[in-house]
Every structure is written in structure tokens, then in C-alpha cells.
Amino acid sequence: MLAVIEGFSVVWLVIAVGWFVGRRKVLGDNAQLVLSRLSFFVASPALLVETLARADLHTVFAGPLLVAAGSAIITAATFLLIVKFWLRRSLAESLLSAMSSATANAANLGIPIAAYVLGDAALIAPVLVFQLAFWTPVYLMLLDGLTSGRRATPGRVLLQITSNPMILGTAAGLVLAATGWSLPNLVAEPLHLIAGAAIPAILISFGMSLGTSKPLSAADGRRPDILLTTAFKLILHPLVAYLLGHFALGMEGAALFAVVVAASLPTAQNVYVAAQRYQVGVAVAKDTVLATTILAIPAMFGVAFLLG
Numbered sequence: 005m006l007a008v009i010e011g012f013s014v015v016w017l018v019i020a021v022g023w024f025v026g027r028r029k030v031l032g033d034n035a036q037l038v039l040s041r042l043s044f045f046v047a048s049p050a051l052l053v054e055t056l057a058r059a060d061l062h063t064v065f066a067g068p069l070l071v072a073a074g075s076a077i078i079t080a081a082t083f084l085l086i087v088k089f090w091l092r093r094s095l096a097e098s099l100l101s102a103m104s105s106a107t108a109n110a111a112n113l114g115i116p117i118a119a120y121v122l123g124d125a126a127l128i129a130p131v132l133v134f135q136l137a138f139w140t141p142v143y144l145m146l147l148d149g150l151t152s153g154r155r156a157t158p159g160r161v162l163l164q165i166t167s168n169p170m171i172l173g174t175a176a177g178l179v180l181a182a183t184g185w186s187l188p189n190l191v192a193e194p195l196h197l198i199a200g201a202a203i204p205a206i207l208i209s210f211g212m213s214l215g216t217s218k219p220l221s222a223a224d225g226r227r228p229d230i231l232l233t234t235a236f237k238l239i240l241h242p243l244v245a246y247l248l249g250h251f252a253l254g255m256e257g258a259a260l261f262a263v264v265v266a267a268s269l270p271t272a273q274n275v276y277v278a279a280q281r282y283q284v285g286v287a288v289a290k291d292t293v294l295a296t297t298i299l300a301i302p303a304m305f306g307v308a309f310l311l312g
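Shown next as C-alpha cells:
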């Protein structure tokens with residue numbers, strides 16, 4: 005338990021530095037965007053290559069991938085039924101809200117949490133693979149069809165998946181792990197240096213984004229939706245992950261703790277990007293991202309306490 009508290013403390017201290025830097029505008033107006041893009045396009049893919057290359061693929065992807073997929077699908081499907089038939093929102097808005105309730109911030113916060121709290125950045129890989137290769141493309145394909153009337157082609161969906169730097173980094177790391185190949189030092193050393201920038205850049209950027217976030221609003225009368233998505237993301241999603249992991253797959257100890265913590269991550273910021281792109285559910289996405297981001301670390305402390 006002490007190691008878990010220390011891990012969370014490290015994460016929050018670096019986030020606090022980012023918040024302070026952002027509030028003071030030490031790095032200028034566009035620093036948060038630059039750091040975010042650096043981590044997403046360059047440093048995080050390098051970190052994924054490095055960590056997955058030496059990972060035990062069976063341990064990382066067998067049960068954890070099933071839990072990541074099952075918990076997200078069950079949580080989102082349950083939410084979709086409630087928001088569609090009880091709150092009576094449009095199908096497009098219901099889909100976007102369901103995405104908010106079950107899409108974890110696996111890149112911006114998941115990688116540092118996996119590294120410093122769970123002890124291995126590779127443990128977040130199943131969530132990244134599921135969300136980036138299947139979950140998000142399917143949602144965006146459905147939203148595109150509902151809001152624009154265009155039919156997404158398999159080629160467009162495949163291009164979206166294969167052009168994602170996180171997927172490319174994950175794929176490269178998996179190939180190295182599966183084949184036992186090692187990168188030559190001329191490549192491995194620069195990769196290691198670049199990978200070292202990933203977690204500081206992610207956390208400082210994350211802290212800077214908190215410094216510019218605005219309080220929750222009741223825009224468009226969507227306060228019930230926001231409260232519901234927040235509760236689903238931080239309570240139901242990890243609860244379903246626990247039930248699936250423990251009772252369906254027999255997971256326990258550190259393995260069970262890892263999949264429940266991964267499900268407790270806040271709503272991914274790309275949900276808000278999608279809401280802006282399709283101009284549907286913007287208020288729900290924005291405020292859910294903010295609320296779950298603020299409450300996620302206390303929620304994960306709760307998970308650590310309950311699971312011992």
C-alpha cells in the first residue's frame with residue numbers, strides 16, 4: 005500500500021508542477037499543446053516500443069485485454085440504454101455520452117500511472133490496443149455516419165488505425181517481444197532517451213490543462229448526463245472490471261489491481277475532441293473529462309484501499 009501511495013504522490017507532484025507552470029505561463033501560451041503533441045507523436049510511442057519489447061505478452065494481453073474490452077462494452081451499453089430511453093437523447097448524443105462513460109485516458113494519465121503505481125508501463129498496453137485499434141474507430145465511424153450521412157469505408161477505418169503513432173509504437177514493441185529480436189544499440193539508445201521524455205511531458209502537459217480548465221456548467225440542461233457519465237466512469241466501469249477479472253477470469257492480487265486501476269482512469273480527452281468534431285454532446289464530454297480528471301486519483305486511492 006505504501007508503494008502505491010508513493011507512486012500516486014510522484015504522479016501528482018509532477019502534475020502540480022505542470023499546473024503551476026501553466027498558471028504562470030512560464031512556457032508561453034502554446035506550451036501545453038506542444039508538450040501534448042511531443043508525448044503523443046514522439047515520446048510515448050518510443051516508450052511503448054521499449055517497454056513492450058521486454059514484456060511477457062501472455063501476462064499482459066490474455067486476461068487484461070479481455071477485461072479492458074468487456075468492462076468498456078458492458079459499461080457503455082448499459083449507459084446507452086439509460087440515456088437513450090430514460091433521458092431521451094438523440095442516438096448520436098447517446099453514443100457520444102456512452103463513449104464518455106467508458107473510454108479511459110490510457111495515454112495521458114494511464115502510462116504514468118502504470119509506470120509509477122503499477123510498476124510497469126506495459127500494463128496499460130491492453131487498454132491502449134483495445135481503445136485505439138477497435139473502440140475509438142468504431143465509435144467515430146458510427147458518429148460519422150449519424151451526423152454526416154456518409155458511410156465509412158473499411159479503407160478509411162484501417163487508415164485511421166494504422167496511422168496512429170500509439171498503435172505503431174505498440175505494434176513495433178509487440179513484434180520485438182514476440183520474435184525475441186533486440187534493437188541495435190545505435191537505435192536502442194536514442195529510443196531510450198526519447199522514451200524518457202514521455203512521462204514528464206505527459207504529466208506536465210496534463211497539469212497545465214487543469215490550470216486552464218473551467219468549472220462545471222449546466223449547459224444545455226445536461227447536468228444529469230454529466231453526473232451519470234462521471235458515476236459510470238469512476239464507479240461502474242472499475243466495478244465491472246473487478247467482477248470480470250476476479251469472478252470470470254480468476255484474477256487476483258497485483259493483476260486484478262492493475263485492471264481495476266486501468267478502468268478507474270478518467271475519461272479520455274479525445275472524447276471531447278470527437279464531440280467538437282461532430283458538434284454533438286459537447287457539454288457532456290467537456291464536463292465529464294474535467295470531473296473525472298479531478299476525481300480519478302481519489303477514486304484510484306479508493307481502489308487501492310479496497311483491494312489492499
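Heads up: the sequence shown is residues 5 to 312, going by this note's numbering.
In this text, a Cβ means the ideal position worked out from N, Cα and C, and glycines have one as well.
Remember, it's a predicted structure, so these values are computed and weren't measured experimentally.
Write down the C-beta distance between A72 and A266 rounded to the nearest angstrom, noting that I regard them as a contact closer than 8 Å.
-> The count along the sequence shown starts at 1 and reaches residue 72 at position 68. The count along the sequence shown starts at 1 and reaches residue 266 at position 262. Taking a contact as a CB-CB distance under 8 Å, the pair A72 and A266 counts as one, their CB atoms being some 7 Å apart.
Beta carbon of I206 nearer than 8 Å to that of I298 = Translated into the one-based positions of the sequence shown, residue 206 becomes position 202. Translated into the one-based positions of the sequence shown, residue 298 becomes position 294. Cβ atoms of I206 and I298: not closer than 8 Å.
C-alpha gap between I230 and A289, whole angstroms | Here residue 230 corresponds to residue number 226 of the sequence shown, with the count starting at 1. Here residue 289 corresponds to residue number 285 of the sequence shown, with the count starting at 1. Rounded to the nearest whole angstrom, the C-alpha separation of I230 and A289 is 8 Å.
Integer-rounded CB distance, given that A96 should sit under 8 Å from L84 = What you label residue 84 is simply residue 80 of the sequence shown in a count that begins at 1. What you label residue 96 is simply residue 92 of the sequence shown in a count that begins at 1. Taking 8 Å as the upper bound for CB-CB distance, L84 and A96 are not in contact here, some 12 Å apart.
May I ask you to report which of helix, strand or coil DSSP gives T107?
-> One-based indexing of the sequence shown puts residue 107 at position 103. If DSSP states are grouped into helix, strand and coil, T107 belongs with coil.
Grab me the residues of A47's own chain with a C-beta within less than 6 Å of its C-beta, minus the 5 sequence neighbours each way, in chain order.
-> The count along the sequence shown starts at 1 and reaches residue 47 at position 43. Residues of the same chain with a CB within less than 6 Å of the CB of A47, apart from the 5 flanking positions on each side, are I198, A201, A202, A205 in chain order.
Mind the definition here: the region 279-293 touches the region 257-266 only if three or more C-beta pairs lie below 8 Å; say whether that holds.
-> Below 8 Å, too few C-beta pairs join the region 279-293 and the region 257-266 to call them touching: fewer than three.
Whole-number beta carbon distance between A50 and L187, since they are thought to touch under 8 Å = Indexing the sequence shown from 1 puts residue 187 at position 183. Indexing the sequence shown from 1 puts residue 50 at position 46. Rounded, the Cβ-Cβ distance is 11 Å, inconsistent with contact.
From the DSSP output, read off the bridge partner residues of T233.
-> Stepping through the sequence shown from its first residue, residue 233 is reached at position 229. Answer is none; T233 lacks a bridge partner.
DSSP beta-bridge partners of T271 = Position 267 of the sequence shown, counted from the start, is the residue given in the question as residue 271. Within the DSSP secondary-structure output, T271 pairs in a beta bridge with A108.
Name the residue from I77, M145, Y246 whose alpha carbon lies nearest to the alpha carbon of G159.
-> For the purposes of this step, residue 159 is identified with residue 155 of the sequence shown, where counting begins at 1. Comparing Cα positions, the closest option is M145.
Spatially closest choice to N34 from F251, S213, L56, by CA coordinates = Working through the sequence shown from its first residue, we reach residue 34 at position 30. Each of F251, S213, L56 was checked against the Cα of N34, and the nearest Cα belongs to S213.
Whole-angstrom Cβ separation of K88 and S98, contact assumed at under 8 Å?
-> Counted from its first residue, the sequence shown places residue 88 at position 84. Counted from its first residue, the sequence shown places residue 98 at position 94. Going by Cβ atoms, the distance from K88 to S98 rounds to 4 Å, so yes, they are a contact pair.
Write down the C-beta distance between I301 and W16 rounded to the nearest angstrom, noting that I regard them as a contact closer than 8 Å.
-> Stepping through the sequence shown from its first residue, residue 301 is reached at position 297. Stepping through the sequence shown from its first residue, residue 16 is reached at position 12. Their Cβ separation, rounded to whole angstroms, is 6 Å, which keeps I301 and W16 in contact under 8 Å.
Under three-state DSSP, which class holds L238?
-> Along the sequence shown, read from residue 1 onward, the residue named residue 238 stands at position 234. Looking at L238 - three-state DSSP - the assignment turns out to be helix.
Considering D291, what are the terminal residues of the alpha helix (DSSP H) in which it resides?
-> Taking the first residue of the sequence shown as position 1, residue 291 is located at position 287. For D291, the uninterrupted alpha helix (DSSP H) run begins and ends at 286-311, by DSSP.
Alpha carbon of V142 to alpha carbon of V277, nearest angstrom | For the purposes of this step, residue 142 is taken as residue 138 along the sequence shown, with counting starting at 1. For the purposes of this step, residue 277 is taken as residue 273 along the sequence shown, with counting starting at 1. Our two residues, V142 and V277, have alpha carbons roughly 15 Å apart in a direct line.
Indicate the three-state DSSP secondary structure (helix, strand or coil) for L187 in the structure shown.
-> Position 183 of the sequence shown holds residue 187. In the three-state reduction of the DSSP assignment, L187 falls in the coil class, being assigned neither a helical nor a strand state.
Can you tell which of T55, N109, P130 has its C-alpha closest to the C-alpha of L180?
-> Your numbering for residue 180 matches position 176 in the sequence shown. Closest option to L180, Cα to Cα, is T55.
Skipping 5 residues on each side, what residues in its chain have a beta carbon closer than 7 Å to that of V21?
-> On the sequence shown, position 17 is the one that residue 21 refers to. Taken in chain order, the residues that qualify are I208, G211.
What span of residues does the alpha helix (DSSP H) with H250 cover, start to end?
-> By one-based count along the sequence shown, residue 250 stands at place 246. First-last for H250: undefined, no H or E at that position.
Sequence-distant residues of its chain with Cβ nearer than 7 Å to V14 (five each side left out) | Counted from its first residue, the sequence shown places residue 14 at position 10. Around V14: Y120.
So with Cβ pairs under 8 Å, would you call L39 a contact of chain C?
-> The chain inventory of the structure shown lacks chain C, comprising one protein chain alone.
Please confirm if the region 26-46 is in contact with the region 235-250, defined as three or more CB-CB distances below 8 Å between the two stretches.
-> No contact exists between the region 26-46 and the region 235-250.
Proximity to G254 [Cα-Cα], best of A66, L52, N189, Q36 = As a position in the sequence shown, residue 254 is number 250, starting the count at 1. When each option's Cα is compared against that of G254, the closest is A66.
Proximity to A245 [Cα-Cα], best of N274, S75, L52 | In the sequence shown, counting from the first residue as 1, residue 245 sits at position 241. Among N274, S75, L52, the Cα nearest to that of A245 belongs to S75.
Buried or exposed: S313, going by 16 or more other Cβ atoms within 10 Å of its Cβ?
-> Here the chain has residues from 5 to 312 only, and residue 313 is not among them.
Can you have a look at R226 and say buried or exposed, based on whether 16 or more other CB atoms are within 10 angstroms of its CB?
-> In the sequence shown, residue 226 corresponds to position 222, counting from 1. Buried is the label assigned to R226, since at least 16 other Cβ atoms lie within 10 Å of its Cβ.
CA-to-CA distance, L248 to L113, given in whole angstroms | Here the question's residue 113 lines up with position 109 in the sequence shown. Here the question's residue 248 lines up with position 244 in the sequence shown. Looking at the backbone, the Cα of L113 and that of L248 are separated by about 23 Å.
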